[in-house]
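Numbering (the numbering used here), first residue to last: 8 to 186. Just so you know, even glycine gets a beta-carbon here, dropped at the ideal spot from N, CA and C. This report concerns only the one structure given below.
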Ligand SMILES: [Cu+2]
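Right under this line is the structure:
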């Protein structure tokens, strides 16, 4: 019975591993370079699409901060009226609202030296494609093949990942039971 207990825990963990990342993407600011004076965060952010539900992860050594500021304070590199500030070395900022978000390091000289990040956050699902919403939900039998086209690609691919992972877990459980 203890074996099945372990199997259940593995099963639950595997489900969590597949479900949690689908809630939002975590972007590590500056990638491996982190949040640093040598960074170029304009180029880092360009080409990325941030959505509500995503998070920004700032990694930096001591001697820096992550302040969320207004657009005007971003331009003037002022951390005097910060919306939020953190200097823990590992700052995760959940992007909760659509629109522009501005981040600077409030240590004098660092923002003007390059430690400033502007991101444009889109509403969740706003760029998921041009799929038109179903015209009538009343169950009128209009066409034969219409309902299948409503399945969005990301969820089906994550389902595929989940099922392949679950089958791997199944193999592991068989190995467990065999020994
Ligand atoms: Cu700094």
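Asked                                                                                                               : Found
Residues with C-beta closer than 5 Å to any heavy atom of ligand 3, in chain order                                  : By its list of ligands, the structure shown excludes ligand 3, since it contains just ligand 1.
Delimiting residues of the beta strand (DSSP E) encompassing residue 82                                             : Where residue 82 is concerned, there is no enclosing beta strand (DSSP E), although the alpha helix (DSSP H) it sits in stretches over 78–83.
Buried versus exposed, by CB contacts within 10 Å (16 or more), residue 37                                          : buried
Residue 102 classed as buried or exposed, judged by whether at least 16 other C-beta atoms fall within 10 angstroms : buried
Backbone secondary structure at residue 206 - three-state DSSP                                                      : What is shown of the chain runs 8 to 186, which leaves residue 206 out entirely.
Beta-carbon separation (whole angstroms), residue 60 vs residue 131, contact threshold 8 Å                          : 5 Å
Reduced DSSP category for residue 48 - H, G, I as helix; E, B as strand; rest coil                                  : helix
Counted within 10 angstroms of its Cβ, other Cβ atoms place residue 123 as buried (16 or more) or exposed           : buried
Buried versus exposed call for residue 63 [16 or more other C-beta atoms within 10 Å across all chains shown]       : buried
Environment of residue 30 [buried if 16+ CB atoms lie within 10 Å]                                                  : exposed
Short Cβ contact (9 Å threshold) for residue 73 with residue 100                                                    : yes
Local conformation of residue 62 per DSSP, three classes                                                            : strand
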